[in-house]
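Enquirer: Numbering (my numbering), first residue to last: 1 to 307.
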Amino acid sequence: MKKLLSTALAIAMLSGCVNLAASAEDGLSASVYVTISNKGELVAVQQNVVVSDADNDGSLTVDDALFALHEAVYEGGAEAGYSSYTGDYGLSLGMLWGDDSGNFGYCKNNTSCFSLADTVVDGDYITAYIYSNTDYYSDMYTFFDVNTASADAGEEIILTLSGSGYDADWNSVTLPVEGAVITLNGEQTEYVTDAEGKVSVTIESEGKYTISAKSDTRIIVPPVCVAEISAVVVDEENSVPSESESVESSENSESSESISEPESSAADVSSPETGDDSNVTIYAAVFFLSVMMAAAIVVSSKKSYEK
Numbered sequence: 001m002k003k004l005l006s007t008a009l010a011i012a013m014l015s016g017c018v019n020l021a022a023s024a025e026d027g028l029s030a031s032v033y034v035t036i037s038n039k040g041e042l043v044a045v046q047q048n049v050v051v052s053d054a055d056n057d058g059s060l061t062v063d064d065a066l067f068a069l070h071e072a073v074y075e076g077g078a079e080a081g082y083s084s085y086t087g088d089y090g091l092s093l094g095m096l097w098g099d100d101s102g103n104f105g106y107c108k109n110n111t112s113c114f115s116l117a118d119t120v121v122d123g124d125y126i127t128a129y130i131y132s133n134t135d136y137y138s139d140m141y142t143f144f145d146v147n148t149a150s151a152d153a154g155e156e157i158i159l160t161l162s163g164s165g166y167d168a169d170w171n172s173v174t175l176p177v178e179g180a181v182i183t184l185n186g187e188q189t190e191y192v193t194d195a196e197g198k199v200s201v202t203i204e205s206e207g208k209y210t211i212s213a214k215s216d217t218r219i220i221v222p223p224v225c226v227a228e229i230s231a232v233v234v235d236e237e238n239s240v241p242s243e244s245e246s247v248e249s250s251e252n253s254e255s256s257e258s259i260s261e262p263e264s265s266a267a268d269v270s271s272p273e274t275g276d277d278s279n280v281t282i283y284a285a286v287f288f289l290s291v292m293m294a295a296a297i298v299v300s301s302k303k304s305y306e307k
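1. Quick one: measure Cβ to Cβ for Glu206 and Ser230, integer angstroms, because I've assumed they're closer than 8 Å.
2. Taking the alpha-carbon of Val45 as reference, which of Asp194, Val34 and Lys39 has the nearest alpha-carbon?
3. Where do the ends of the alpha helix (DSSP H) carrying Gly77 lie?
4. Under 6 Å Cβ to Cβ from Gly40, same chain only, skipping five residues before and after it: list those, please.
5. Enumerate in chain order the residues of its own chain whose CB-to-CB distance from Val71 is below 7 Å, with the five nearest sequence positions on each side excluded.
6. Taking just the CA atoms, how far does Val62 sit from Leu28?
7. Rounded to whole angstroms, what's the CA-CA distance from Leu162 to Leu175? Just pull it up for me.
8. For Ser29, decide whether its Cβ has a neighbour in chain B, counting only Cβ atoms nearer than 8 Å.
9. Could you pull the start and end residues of the alpha helix (DSSP H) that Glu71 belongs to?
10. Using only alpha-carbon positions, find the residue among Asn56, Ile157, Asn109 and Tyr74 that is nearest to Asp99.
11. Exposed or buried, what is Ser84 when buried is set at 16 or more other beta-carbons lying within 10 Å of its beta-carbon?
12. May I have the straight-line CA-CA distance separating Ala227 from Asp135, to the nearest angstrom?
13. I need the DSSP call for Phe104, collapsed to helix, strand or coil.
14. Report all residues from its chain with a CB closer than 6 Å to the CB of Ser59; omit the five preceding and five following residues, and keep chain order.
15. Using only the alpha-carbon positions, how far apart do Met95 and Phe104 sit?
16. If you count every other CB in all the chains shown that lies within 10 Å of the CB of Lys208, and 16 or more means buried, which is it?
17. Identify which residue in Ala151, Ile157 and Ala153 has its Cα closest to the Cα of Asp145.
18. Out of curiosity, what's the CA-to-CA distance linking Tyr137 and Ala80?
19. Please report how far the alpha carbon of Asp268 lies from the alpha carbon of Val234, in whole angstroms.
20. Looking at the strands, I want to know which residues DSSP matches up with Lys208.
21. Output yes or no for whether 8 Å exceeds the beta carbon distance between Tyr89 and Phe67.
22. Between the C-alpha atoms of Ile203 and Val50, what's the straight-line distance to the nearest angstrom?
23. What's the call for Asp57, buried or exposed, on a 16-neighbour Cβ count within 10 Å?
24. Would you mind sorting Tyr305 into buried or exposed? The rule is 16 or more other CB atoms within 10 Å of its CB.
25. Could you pull the start and end residues of the beta strand (DSSP E) that Gly165 belongs to?
Set out below in structure tokens:
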């Protein structure tokens, strides 16, 4: 009997090992984008990381994504900058970007997570942040209506900035963020969101830009939209001449005409203008005199012959 139990236990353990090996071989993974802000300053922007099942719980979670982000870009890796623990509210953040204050927030696809155990899939956007206001935790989480944008240089990009808030009954609501100043790669611009949170941004040079925002009236978690700006390709053969080119062409045409006029005037000297019959009169007179002289010669010859 004991032999049978021992054999059954050995088979079960072997079977479990085979299943774990197969699971590891299958390799759960997902490609996600992670953004981190530290008290209002962006320290990682839509960093693309491949998430694996780091804690071997059989699923891919926000915890795995943040772990992978720190492993990839934080100096010293996740061991130096990230930790999580299981507490009264489930799997929670213990350290984020080297900060262990516990003043953290995090969202998936611009929606607040229940815990770090929330699952992730390919293409998810994860944002984690360290609060600036540690007294009332009043930092407003803000986000644009799009995560990425593409445009030609000089083309408008229209964005809407919203923020997460609460109504009178403490229900979660989404509110437009008015009066926020748009930044490009950290530099403030002249663009400001209107009462509906809308703003039109134009970028003149090609390249990759991080579009974000700052507010003087409230503390916000900076939003992120990554914009890819392409250079404008000009088709010289089919391009329409600009106004300046048209003016220059017209001036050159007039100049060309003025240069050719003397040749036309010189040609006019050798031929009479319309209505000028002075040369015709001279030719007629010469012809008349010639005829008269010929007639005189004929008459004279006839008289001599008759004599």
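Quick reminder that beta carbons are idealized off the backbone N, C-alpha and C, glycines included.
Remember, predicted model here, so these are calculated numbers, not experimental data.
Expert: Inspection of the coordinates gives the following:
1. With a Cβ gap of about 6 Å, Glu206 and Ser230 count as contacting.
2. Val34
3. Gly77 to Gly81
4. Ser132
5. In the sequence on display, residue 71 carries Glu and not Val. The residues are Gly77 and Ala78.
6. 14 Å
7. One detail in the question is off: residue 162 reads as Ser in this sequence, not Leu. The straight-line gap from Cα to Cα measures roughly 5 Å.
8. No chain B appears in the structure shown, which is made up of a single protein chain.
9. Val62 to Val73
10. Tyr74
11. With 16 or more Cβ atoms within 10 Å of its Cβ, Ser84 is classed as buried.
12. 35 Å
13. In this structure, Phe104 counts as strand in the three-state DSSP scheme.
14. Thr119
15. 9 Å
16. Exposed, since its Cβ has fewer than 16 Cβ neighbours within 10 Å.
17. That would be Ile157, whose Cα lies nearest to the Cα of Asp145.
18. 25 Å
19. Low local confidence applies: a pLDDT of 45 at Asp268 is under 50, so the model's placement there is unreliable, with the coordinate-based value given in what follows. Between Asp268 and Val234, the C-alpha separation is close to 47 Å.
20. Glu228
21. no
22. 31 Å
23. exposed
24. Bear in mind that the predicted position of Tyr305 carries a pLDDT of just 44, short of 50, making it unreliable; the figure below should be weighed with that in mind. Counting Cβ neighbours within 10 Å, Tyr305 comes out exposed, since fewer than 16 surround it.
25. Glu156 to Tyr166
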